[in-house]
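Here the structure is laid out as structure tokens; the discussion comes afterwards.
Number of protein chains: 2
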Amino acid sequence: MNHEQRSREYRAYIESYLKEFYEKIHDQPQKLLIEAMEYSLLGGGKRIRAMLAFEFCRISGRDWRDAAPFAAAMEMIHAYSLIHDDLPCMDNDDFRRGRPTNHRVFGEGIATLAGDALLTDAFLLASRAILPRSDDMARAIGLMAECAGSAGMVGGQVLDILSQERELTEKEVLDIQSRKTGGLIRGACCLGVLAGGGSEAQLQGAARFADGLGLAFQIRDDMLDVLSTREEMGTSVGTDAAKNTFVRLYGLERCEELVKAYTEQAIDALEPFADSGYLAALAESLTERRV
Amino acid sequence: MNHEQRSREYRAYIESYLKEFYEKIHDQPQKLLIEAMEYSLLGGGKRIRAMLAFEFCRISGRDWRDAAPFAAAMEMIHAYSLIHDDLPCMDNDDFRRGRPTNHRVFGEGIATLAGDALLTDAFLLASRAILPRSDDMARAIGLMAECAGSAGMVGGQVLDILSQERELTEKEVLDIQSRKTGGLIRGACCLGVLAGGGSEAQLQGAARFADGLGLAFQIRDDMLDVLSTREEMGTSVGTDAAKNTFVRLYGLERCEELVKAYTEQAIDALEPFADSGYLAALAESLTERRV
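Here the protein sequences come in this chain order: Y and R.
Okay, so the first sequence: first residue is 29 according to the working numbering, each after it adds one.
Okay, so the second sequence: first residue is 29 according to the working numbering, each after it adds one.
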């Protein structure tokens, strides 16, 4: 199977897996909540986190479908974070992926609750994973919560908000990025290894891969934000321009070099895995994105 | 040890346990987030959920301190739910427990994120529990997420919002209550049994106890809301009067009878436990509250 086919298979699987999870509870009286959750969860998205979890499970030695509860959980946490980020009290965005944001469709109250429920249900789904070593469940839940909570993604979001009125040092920008975007990517990769029953060395390799990929991905994102136009991206353009982005810190040319370096670093970290071709290709395709 | 002493011991322990958890990460750059979380988490509260988890652990046969990660997790989920409930896009409350609400102190953005982080960190803490049967971790996390997520507390909150403009049937009011208040109480009781390595019969008993107590507690709350004055409660009074409360459904007199009946039902459910005196007394003290 070539890389393209594998990506398509992973994407199709996670879409139907997520859809099925909420279809089952569609007859509950709080139907509007489920609809709001589905609107954001099933409304497009690259499914990178799911693909990473699937592939790390596979190359750790198990059927990649075994990682589905974790893959779905990371996509749900990602979807919740976008809903809350878009709220008027945060970034106040009206559009996301070319569609009105959740609160523009369902109102702020329901949007806030839809985010809360997606975050909570992510742990419900994750708890249903069948792991080669059942003792790893505590570790997996701990990892998930750590990468998403006060020390991880939410912590990074707060630092980002607080930093908007001053220029940050390189160390600060890296710290915010590693929490905000890096957190979930790290979680997805490591949970994939746990679902696959991988070794300690593989778990560490996955974390290092994630750190390199997360940085390369975010630097590329900052570059695209500067270069792109609204029509091409489907989101408001330039909203990040005033913030402490990597472009402001390094300039476009040095960013290009850094993307390459971090992508290489990520690929090098795959050494403990025998079959790392797909992940290397995925990393390159993600970090070579063009407008 | 008499009941009063035990309650004091439980309360003192959970306060210092929660305080210590965040003290350790106080030197992180996202200090403001931690402060916002602590403001609501450590800002008073009856700690009923923690007490229930501790006591169910103890009467299931283990040291009650073993339930601390679960007890703390349920208090964190409770605290997050209050922060989000108070937001302008929800109940828009300015005061809670006699102090300005979280968003009045820290702003809406930080308050939303503080709630998100409390919810996420609750799962981090819970994952650290040492259980007599380590396989029970998946079950405990699943229970927690179920009672708090789209089918539980958040689902109840949505139903509550949607119902404000029409009169509900008795069945609907019971359904909302059982999700909204009942969810976390059920979670606390059942997690206590799992921390204590209790039997299946004890787990079911704890769930039935929680259902009875949750109903009795909420009916009493509705009654107090009608009867009390702002000075005595420290929250805005009568804000619930227009909603579908038990008082509107049954009237005060019938409510009094129902509180008694549900409390009795709760106490009867403790049959699988040898030493249920404290819980029976706790249930009575909670449901006999007067203005």
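All residues carry an ideal CB built from backbone N, CA and C; glycine is no exception.
These figures come from a predicted structure and were not determined experimentally.
Pair within 8 Å by beta-carbon distance, residue i and residue j
{"i": "R214 (chain Y)", "j": "D239 (chain Y)", "result": "yes"}
{"i": "L212 (chain R)", "j": "A168 (chain R)", "result": "no"}
{"i": "G71 (chain R)", "j": "R36 (chain R)", "result": "no"}
{"i": "L310 (chain R)", "j": "E198 (chain R)", "result": "no"}
{"i": "E103 (chain Y)", "j": "L69 (chain Y)", "result": "yes"}
{"i": "A216 (chain Y)", "j": "L80 (chain Y)", "result": "yes"}
{"i": "L171 (chain Y)", "j": "L219 (chain Y)", "result": "yes"}
{"i": "P97 (chain Y)", "j": "A157 (chain Y)", "result": "yes"}
{"i": "G226 (chain Y)", "j": "S88 (chain Y)", "result": "yes"}
{"i": "M65 (chain R)", "j": "A166 (chain R)", "result": "no"}
{"i": "A99 (chain Y)", "j": "I42 (chain Y)", "result": "yes"}
{"i": "Q56 (chain Y)", "j": "A297 (chain R)", "result": "no"}
{"i": "Y38 (chain Y)", "j": "N130 (chain Y)", "result": "no"}
{"i": "R90 (chain Y)", "j": "G224 (chain Y)", "result": "yes"}
{"i": "G137 (chain R)", "j": "I189 (chain Y)", "result": "yes"}
{"i": "L196 (chain Y)", "j": "N272 (chain Y)", "result": "yes"}
{"i": "R209 (chain R)", "j": "Q246 (chain R)", "result": "A small correction: the amino acid at residue 209 (chain R) is Thr; Arg does not occupy that position in the sequence shown. It is a contact, given that the beta carbons lie within the stated cut-off."}
Status (buried if at least 16 other CB within 10 Å, exposed otherwise) for residue i
{"i": "S44 (chain Y)", "result": "exposed"}
{"i": "R258 (chain R)", "result": "Any reading at R258 (chain R) must be qualified, since the residue scores a pLDDT of 48, below 50, and its modelled position is unreliable; no value is offered."}
{"i": "G177 (chain Y)", "result": "buried"}
{"i": "H106 (chain Y)", "result": "buried"}
{"i": "L369 (chain Y)", "result": "Since the displayed chain Y opens at 29 and closes at 319, residue 369 (chain Y) lies outside it and no answer follows."}
{"i": "A139 (chain Y)", "result": "buried"}
{"i": "G305 (chain R)", "result": "exposed"}
{"i": "R207 (chain R)", "result": "buried"}
{"i": "H54 (chain Y)", "result": "exposed"}
{"i": "E51 (chain Y)", "result": "exposed"}
{"i": "D114 (chain Y)", "result": "buried"}
{"i": "A40 (chain R)", "result": "exposed"}
{"i": "E83 (chain R)", "result": "buried"}
{"i": "D253 (chain R)", "result": "buried"}
Span separating the alpha-carbon of residue i from that of residue j
{"i": "F274 (chain Y)", "j": "R77 (chain Y)", "result": "22 Å"}
{"i": "D303 (chain R)", "j": "A244 (chain R)", "result": "22 Å"}
{"i": "A229 (chain R)", "j": "N30 (chain R)", "result": "27 Å"}
{"i": "L241 (chain Y)", "j": "A234 (chain Y)", "result": "10 Å"}
{"i": "D122 (chain R)", "j": "E193 (chain Y)", "result": "28 Å"}
{"i": "S191 (chain R)", "j": "Q185 (chain R)", "result": "10 Å"}
{"i": "A142 (chain Y)", "j": "L110 (chain Y)", "result": "11 Å"}
{"i": "Y15 (chain R)", "j": "L147 (chain R)", "result": "No statement about residue 15 (chain R) is possible, as the shown extent of chain R runs from 29 to 319 and does not include it."}
{"i": "R317 (chain Y)", "j": "L187 (chain R)", "result": "43 Å"}
{"i": "R236 (chain Y)", "j": "R34 (chain Y)", "result": "23 Å"}
{"i": "E312 (chain R)", "j": "Q205 (chain R)", "result": "19 Å"}
{"i": "D94 (chain Y)", "j": "Y290 (chain Y)", "result": "29 Å"}
{"i": "A173 (chain R)", "j": "F151 (chain Y)", "result": "6 Å"}
{"i": "S162 (chain Y)", "j": "C283 (chain Y)", "result": "42 Å"}
{"i": "K59 (chain Y)", "j": "L286 (chain Y)", "result": "46 Å"}
{"i": "M118 (chain R)", "j": "G135 (chain R)", "result": "15 Å"}
{"i": "S256 (chain Y)", "j": "E32 (chain Y)", "result": "25 Å"}
{"i": "E48 (chain Y)", "j": "L314 (chain R)", "result": "41 Å"}
{"i": "R132 (chain Y)", "j": "K288 (chain Y)", "result": "38 Å"}
{"i": "L61 (chain Y)", "j": "E200 (chain R)", "result": "17 Å"}
{"i": "A308 (chain R)", "j": "L46 (chain R)", "result": "26 Å"}
{"i": "A269 (chain R)", "j": "E63 (chain Y)", "result": "Summary for A269 (chain R): the model assigns pLDDT 49, below 50, so the residue's position carries little reliability; its value from the coordinates is reported in the next sentence. Cα to Cα, A269 (chain R) sits roughly 29 Å from E63 (chain Y)."}
{"i": "S155 (chain Y)", "j": "D149 (chain R)", "result": "16 Å"}
For residue i, the three-state DSSP class (helix, strand or coil)
{"i": "F151 (chain Y)", "result": "helix"}
{"i": "P300 (chain R)", "result": "coil"}
{"i": "I160 (chain R)", "result": "For clarity, residue 160 (chain R) is Pro in the given sequence; the question names Ile instead. Reduced to three states, the DSSP call for P160 (chain R) is coil."}
{"i": "R90 (chain R)", "result": "coil"}
{"i": "P128 (chain R)", "result": "strand"}
{"i": "R258 (chain R)", "result": "Because R258 (chain R) sits at a pLDDT of 48, beneath the cut-off of 50, its placement in the model cannot be relied upon, and the following sentence gives the value as read from the coordinates. DSSP places R258 (chain R) in helix when its eight states are reduced to three."}
{"i": "A269 (chain Y)", "result": "With a pLDDT of 49 at A269 (chain Y), under the threshold of 50, the modelled position of that residue is not reliable, and the figure given next carries that caveat. Note: A269 (chain Y) maps to coil in three-state DSSP."}
8 Å Cβ cutoff, residue i in contact with chain C
{"i": "R132 (chain R)", "result": "Of the protein chains in the structure, Y and R, none is chain C."}
Which full runs of the alpha helix (DSSP H) of 4+ residues lie inside the segment 170-195 of chain R, going along the chain? 181-190
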